Amino acid sequence: MSDVPKRKVNLDVIGQLEEDLEESPLDYARWTKLIKQVVNKDKEEQVRRVFEKYLSIFKHDGAQWCGYINYEINRGEFQKVETLFGQCINLVDDVELYRLYVSYVRRTNDVITGGEKARGVVIKAFEFAVNKVGIDIASGPLWNDYLDFLKSWTPTASWEQQQKVDLIRKVYKRFLVIPTERIEQAWSVYTKWESDLNASAASKFIAAISAEFMEARSWNTEWQNITQKSLRRSIIPFSITDSQYGHLVRSQLELWYKWIELERKNNLEIKDESLLQARIEYVFKQAVKCLPFVPEIWFKLGRFWSASNEDANANKVMTLLKEGLVLNPRSFLIGFELAELYEKDGNFGETKVVFEGIIDHFVKDYTSVTEKINAILDTINKPKNQTDTPKNNEDDENEDEIDYNQVFNQLSESQVLDLQKLQRQLEELNKCITLLYSKLMLSAKRANGITEARSIFKQARKISYIGYELYVENAMIEYYSDNKSTAIKILRLAMKKFGQNGEFLLAYLDYLITLNDFESIKTFFEQARTNLLKDYNTEKEDLDGMANNSNSVEKLKREAKLRSLRKCKWYLRKLTEKFARYAANNDLQMVMSLEARYSQYFPEDDPIEFFSDRYSMGSMDLIEKYDLGTAKKNEYELPEEAQPQSPKRRKVQLPNIPKDFPAIANPEPQISTPEPQAQKSFVGNNIYNLLRVLPSASYFGPPSEHVFDGGKIVELLANLPDKPN
């Protein structure tokens, strides 16, 4: 009686897991639990169905292939076993899978009853296995299985004994020049075997491979150092963007890259280029197996194959990326790369399938987030004529945005926070879907011409929440197809929907500037400025009318409104600056008028910022650097500690500069960074104080070429008091 409830519980667990996996088919943890449950329950058809469904997704999981094959071996289903080996043996590079394969071959080819023929079959199986995975650093057990099999052979004739010795020595010679985890132990076993076999000849055979063994041992030591015994060779079922485990994935990815780089360095001094490439490829494939949810490793393996032989490996790369896209269905990196390969191959149909598959996943996500938002909003008593169902209205950009003024006061603080988080997710998904349609449209233009691109644009703009970027992208496609009149019509159409969107208005202004129609630009600017200023004033009035109290929901409401206000002001400023830069090519009086109007709207802003923007060049603002002392570093500049060919500085405490310290002309801005007290006495305070205000090194040198005489500054420093002993 006690077994019946247990079976029901197990059935319930299995049913629940299967239902969950229908919703989330890439949930590795649930798949593992389900496999364990069905194997314990031991219904053959159910076990097979679950294994086959799992392995159709996680094709490279050697551990589960072994589990499935062992399940069939234990039931004596040898025909099924051979079918399974046929499916996976050339697909999965896994040492334990190949050991299982050899074990099966030995089981079905008994050398006791089968004699020389059976032994030959087993040796071929071992050779096949070591040729496939024998370069793996974890392949030592497979090589030892091979050696143990050969050593267990009992020859009946002297020539067979010599053949046995030659075979064993040949395997050792191949094994001991490959870096494996216990290579020194294997070397000890080998040298003992040679000595026991023939002490006088042992030294000759040992010396013949000792140099290559030493290289392999050194390589193994270096590998141990770079991986720090932290490299995991099993599947890590998380993406690099996972909020909880992303750091683990990133650290593992770095270890794999270090291993790949070690292979590229070729410290084993492999002469055969194809063998070197095989080792690099093997590590890439192992990384893909262990980090299946990291798109960049799939991408880089594909690029590695393409670099080796682009034409010959084209289909191989596309197959790889298709598998990667199954496991990473929202990956832009894999999807765009695969779509480009199909397009290059003249197969736009498959390109479109790739794009539409990714779009479908993001649309499902958008629908899911919308449902969660609606569930929160359903707690509010709304008028009956309101609906939460998204419309297909192209003229209302904000139809899916939440009116915080109406809902905030009717929700709890936690609901408001959830609502804001979901709204941000919705905006992000909007951008993802828009980007995908935009790039699909561009691909269609390249592959099939402007008509196909227009068809996709027509399809995409029906989506109520599609972003302004689609319109801008389509306008540029028309522009570069010499259809300027069509391009401007598209942007005018977008203006009806996104006329208060600062990003769109900046993009529209950029386009008009390329046309260089001053009157059109001026008219547009006034319209855009009016729209943004109206929005700004409305937001400001709302903010001023809000109660400034300690209520948490009111605080959130004010913060949301303040962000919206700042955003509107930022776009208004950028739009004005961009127009002022353009106008500066024609009419200085207009530029000054713009500055005056901007100062009138925002009197609290520093007029220098607006003024200096006109006199900057790209990222270089000399007014900021030389007059204001607030220059920003370029993103590509190395940190001071990382500058090449610069001496490594000790970390020391920088004492505060005394208030009465004399000023030095044109000092560069400095940032004080406190350091541990322990090294305070390394350099005296006077030297520190001087070093902190000295100009940069470029000012010092020969008097004829530099501002300061380097020799004299050295003499000055040498005579300062308070020097270290």
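With the working numbering applied, the sequence shown corresponds to residues 1077 to 1801, in that order. Even for Gly, the Cβ is constructed at its ideal location relative to N, Cα and C. Here the structure is a predicted model, which means the values were calculated and not measured.
The alpha helix (DSSP H) enclosing residue i, as first and last residue numbers
{"i": "Gly1190", "result": "1187-1209"}
{"i": "Val1114", "result": "1104-1117"}
{"i": "Asp1224", "result": "1216-1227"}
{"i": "Asp1689", "result": "1683-1690"}
{"i": "Ser1319", "result": "Ser1319 -> no alpha helix (DSSP H), and no H or E assigned at all."}
{"i": "Asp1367", "result": "Here residue 1367 is Leu; the residue named in the question, Asp, does not match the sequence. That residue, Leu1367, is in no alpha helix (DSSP H); it is neither H nor E in DSSP."}
{"i": "Lys1650", "result": "1628-1659"}
{"i": "Thr1590", "result": "1578-1591"}
{"i": "Thr1395", "result": "1390-1403"}
{"i": "Phe1600", "result": "1594-1621"}
{"i": "Phe1438", "result": "1424-1453"}
{"i": "Tyr1674", "result": "1664-1677"}
{"i": "Gln1239", "result": "1234-1251"}
{"i": "Gly1411", "result": "1408-1420"}
Cβ neighbours of residue i in the same chain (closer than 6 angstroms, five flanking residues each side left out)
{"i": "Lys1448", "result": "Leu1498"}
{"i": "Trp1107", "result": "Tyr1130"}
{"i": "Ala1201", "result": "Val1178, Val1181"}
{"i": "Lys1334", "result": "Ile1302"}
{"i": "Leu1344", "result": "Glu1291, Trp1295"}
{"i": "Gly1575", "result": "Asn1607"}
{"i": "Leu1591", "result": "none"}
Contact under 8 angstroms by Cβ, residue i with residue j
{"i": "Leu1495", "j": "Ile1452", "result": "yes"}
{"i": "Tyr1584", "j": "Leu1567", "result": "yes"}
{"i": "Ser1640", "j": "Glu1615", "result": "yes"}
{"i": "Phe1594", "j": "Asn1662", "result": "yes"}
{"i": "Pro1368", "j": "Leu1403", "result": "yes"}
{"i": "Phe1225", "j": "Val1197", "result": "no"}
{"i": "Met1666", "j": "Ala1672", "result": "no"}
{"i": "Arg1522", "j": "Glu1419", "result": "yes"}
{"i": "Tyr1144", "j": "Leu1160", "result": "yes"}
{"i": "Tyr1647", "j": "Leu1581", "result": "yes"}
{"i": "Tyr1556", "j": "Ala1536", "result": "no"}
{"i": "Val1157", "j": "Leu1218", "result": "no"}
{"i": "Val1187", "j": "Arg1195", "result": "yes"}
{"i": "Tyr1674", "j": "Phe1686", "result": "yes"}
{"i": "Leu1263", "j": "Phe1289", "result": "In the sequence as presented, Leu is not what sits at residue 1263; that position holds Trp. Yes."}
Integer-rounded CB distance, given that residue j should sit under 8 angstroms from residue i
{"i": "Thr1189", "j": "Gly1216", "result": "About 30 angstroms separates the two Cβ atoms, so there is no contact after all."}
{"i": "Cys1644", "j": "Leu1608", "result": "6 angstroms"}
{"i": "Ile1410", "j": "Phe1375", "result": "6 angstroms"}
{"i": "Val1033", "j": "Asp1169", "result": "Since the displayed the chain opens at 1077 and closes at 1801, residue 1033 lies outside it and no answer follows."}
{"i": "Val1325", "j": "Ile1316", "result": "5 angstroms"}
{"i": "Leu1632", "j": "Leu1619", "result": "Contact doesn't hold; Cβ gap of about 13 angstroms is too wide."}
{"i": "Tyr1104", "j": "Pro1313", "result": "3 angstroms"}
Close-in-space but distant-in-sequence residues of the same chain around residue i (CB under 7 angstroms, 5 per side omitted)
{"i": "Val1089", "result": "Gln1113"}
{"i": "Trp1381", "result": "Asn1389, Lys1392, Val1393"}
{"i": "Asn1524", "result": "Phe1424"}
{"i": "Glu1711", "result": "Note on Glu1711: pLDDT 49, under 50, position unreliable in the model; the coordinate value appears next. So the list is empty, once near-sequence residues are dropped."}
{"i": "Thr1562", "result": "Glu1554"}
{"i": "Gln1122", "result": "Val1114"}
{"i": "Ala1415", "result": "Thr1427, Val1430, Phe1431, Ser1519"}
{"i": "Asp1464", "result": "Confidence at Asp1464 is low in this model, with a pLDDT of 43, below 50, so its placement is unreliable and no value can be given for it."}
{"i": "Tyr1266", "result": "Tyr1248, Leu1252"}
{"i": "Pro1371", "result": "Gly1400, Asn1404, Ser1407, Leu1409, Ile1410"}
{"i": "Leu1352", "result": "Asn1342, Ile1346"}
{"i": "Glu1339", "result": "Arg1355, Ile1356, Val1359"}
Own chain, CB closer than 8 angstroms to residue i, minus 5 neighbours either side, in chain order
{"i": "Glu1504", "result": "none"}
{"i": "Ala1354", "result": "Ile1211"}
{"i": "Leu1093", "result": "Arg1106, Lys1109, Leu1110, Gln1113"}
{"i": "Leu1670", "result": "Thr1652, Phe1655, Ala1656, Ala1659"}
{"i": "Ala1529", "result": "Met1517, Leu1518, Ala1520, Lys1521, Asn1550, Ile1553"}
{"i": "Ile1684", "result": "Ile1699, Leu1704"}
{"i": "Ala1214", "result": "Val1171, Thr1256, Glu1257, Arg1309"}
Every unbroken alpha helix (DSSP H) within the stretch 1116-1173, with a cutoff of 4 residues, ordered by chain | 1120-1133, 1138-1150, 1154-1164
Quick one: complete alpha helix (DSSP H) runs, 4+ long, within the stretch 1502-1575?
-> Counting whole runs of 4 or more residues, the stretch 1502-1575 contains the alpha helix (DSSP H) stretches 1526-1536, 1544-1556, 1560-1574.
Within the stretch 1254-1319, note down every full alpha helix (DSSP H) run reaching 4 residues or more, in order along the chain.
-> 1259-1273, 1275-1303
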